[in-house]
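Quick note on our numbering: the sequence shown kicks off at 151 and runs consecutively. Using N, Cα and C, we set each Cβ at its ideal position, and we do this for glycine too. Since the structure is predicted, the reported quantities are computational estimates derived from the model, not experimental observations. Remarks on the structure that follows.
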Amino acid sequence: MKLRPQELKPSGPTGWRPGPILAIESSCDETAAAVLDPDGIVLSNIVFSQQAVHEKFGGVVPELAARAHLGRIDLVVSQALAQAKVARTALSAVAVTQGPGLVGALLVGVNYAKALGYGLGIPVVGINHLRGHIASAWLADPTFPLACVVLVVSGGHTHLYRREANGHCVLLGRTRDDAAGEAFDKGAQMLGLAYPGGPAIDRVARSGDPQAIAFPRFHRAKNSLEFSFSGLKTSLLYKLREMASPLTPGQMADLAAGYQEAIVQVLVTKALAALHQTNLSALAVVGGVSANSRLRAVLGEYAARGKLRLSLPPIEFCTDNAAMIASAGRQLLMSGERWSSDLAISPMEGLMNPNATRGVGGVNERKENAYL
Ligand code: ADP
Ligand code: MG
């Protein structure tokens, strides 16, 4: 028998009364919890990495991830509450990652959140993981404009969105092949650097000359906001074939610097073009690749010259965390989102409106809206 939300709802007020928000993130291999105050200030942000559980297998093992979440979640939540100095009973809502992610891993977080919300009689809101990354833009700067261009750059995404003040997002462009993070990871692999490749290339490139070895920059048609990084990868492969191995440390640094520069310049050029095309002046850059020091430096220079209002979340909010889920939850609650005692996981959920046609990279997709 399926209970309707009102049958599950305990008596008492059902609306959201602004107060501390607890968020839980368990979509992959990090068990994370955070507490945000109603003004959007992070009171605590605890991330328990399962890297030690999975590294001997060379990748994330879903069943082990689910078990590790189950074993840790209560402790991680307790730590987040203790660090925030917030009692469970003082919470006003729970935000939890609903998808996309691993089924077993998501189930742990969502069921924990539902049980807690039910017990306390407070709203539980389900958050799309990508929506969480985007909301990280407001963590360090709650005054950052709500209407902005967002560049999501991670291991799986290189997407440009126009975000409206009400949270509604429109996809402006995306990668046709590899994501920027993937380009970093694959490039690093070719160079024999450690995984994850982004931080490794970032480190090695610091002593290199970005102009010493020229790499192609992909700019499709004029005004296009689409990305492509597969040509860049091939170019690195050909350069490596031409060079005698082993590479000298100097050659390695120049290759890393040139390769990184090509990715960074393309990301920056397209982000600026998106601002120009949308007549907006605020740019948020989120996701793991936004930790890249060269990308941060180049964008920082534009911002310092007054060319744009920039939100580049601190590194701890770039990679997976629960503070970003709390931030997205707060935005949803403020927009009127309420009780969801029948919340279910959405392991395959994308960002796009589920009612719209889902083509992979089709023209239709660009016209569709995503609700953030
Ligand atoms: P996903 O959730 O899609 O796996 P994340 O947001 O966790 O992605 O980001 C991981 C990606 O970020 C990896 O591809 C990694 O190489 C990249 N990355 C992390 N730090 C840096 C950095 N300093 N420079 C470039 N890329 C980075
Ligand atoms: Mg992520």
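Contacts around residue i, its chain only, beta-carbon distance under 7 Å, and the 5 residues preceding and following it disregarded
i: G438; result: S304, G305, G331, G348, C468, T469
i: P346; result: D335
i: C298; result: R313, L430, A432, L433, A434
i: L449; result: V418, V435, L460, L462
i: S194; result: A184, V185, A230, Q233, A234
i: A403; result: V354, A355, S357, G358
i: V258; result: S176, A216, H219, L220, I223
i: K135; result: In the structure displayed, the chain extends from 151 to 522; residue 135 sits before or after that span and is not available.
Proximity of residue i and residue j at Cβ, strictly below 9 Å
i: V561; j: L493; result: This structure cannot settle anything about residue 561, because the visible part of the chain is limited to 151 through 522.
i: A407; j: V354; result: yes
i: V244; j: L172; result: yes
i: L296; j: G317; result: yes
i: G169; j: S477; result: no
i: S461; j: F294; result: yes
i: A350; j: A333; result: no
i: V192; j: A441; result: no
i: L386; j: L405; result: yes
i: P464; j: A285; result: no
i: R342; j: G400; result: In the sequence as presented, Arg is not what sits at residue 342; that position holds Gly. Their beta carbons are not under 9 Å apart, which means G342 does not touch G400 by this criterion.
i: T181; j: R238; result: no
i: I277; j: W166; result: no
i: L256; j: S177; result: yes
i: L382; j: Y409; result: yes
i: A287; j: T308; result: no
i: K389; j: I363; result: yes
i: R367; j: Q415; result: yes
i: G190; j: P292; result: yes
Cutoff 9 Å: residue i Cβ touching any chain C Cβ
i: K383; result: Any reference to chain C falls outside this structure, which holds one protein chain only.
6 Å Cβ shell around residue i - same chain, five flanking residues per side excluded
i: A421; result: L301, L433
i: R516; result: Low local confidence applies: a pLDDT of 31 at R516 is under 50, so the model's placement there is unreliable, with the coordinate-based value given in what follows. Around R516: L321.
i: I196; result: A183, V226, Q229, A230
i: S496; result: Q248, G249
i: D327; result: S378, S380
i: E411; result: P360
i: G267; result: V244, V274
i: I475; result: A173, E175, A245, T247, I277, G282
i: Y452; result: L458
Beta-bridge pairing of residue i - partner residues as DSSP gives them
i: V275; result: A245
i: I171; result: L186, A243
i: V300; result: Y311, A434
Extent of the continuous alpha helix (DSSP H) to which residue i belongs
i: H219; result: 212-234
i: L387; result: 380-392
i: C178; result: C178 -> no alpha helix (DSSP H), and no H or E assigned at all.
i: L460; result: That residue, L460, is in no alpha helix (DSSP H); its beta strand (DSSP E) goes 459-461.
i: A454; result: 443-454
i: T428; result: 399-428
i: G254; result: 253-270
Continuous beta strand (DSSP E) stretch holding residue i: start and end
i: T308; result: 308-313
i: N195; result: 192-199
i: L433; result: 432-436
Neighbourhood of residue i by C-beta, 8 Å cutoff - its chain only, sequence neighbours within 5 removed
i: L375; result: L310, L322, G323, K420, A423, A424, Q427
i: V203; result: D179, V211, L214, A215, A218
i: P188; result: P168, G169, P170, I171, S242, R480
i: T201; result: The amino acid at residue 201 is misidentified as Thr; the sequence shows Gln. For Q201, where only same-chain residues beyond five positions count, the Cβ hits under 8 Å are D179.
i: E499; result: Q248, G249, P250, N278
- Query: Taking only runs of the alpha helix (DSSP H) that begin and end inside the segment 469-494, which ones reach a length of at least 4 residues, in chain order?
  - Reply: Runs found: 473-484.
- Task: Starting from the N-terminal side, write out each stretch of the beta strand (DSSP E) that is 3 residues or longer and does not extend beyond the segment 312-376.
- Result: 318-324
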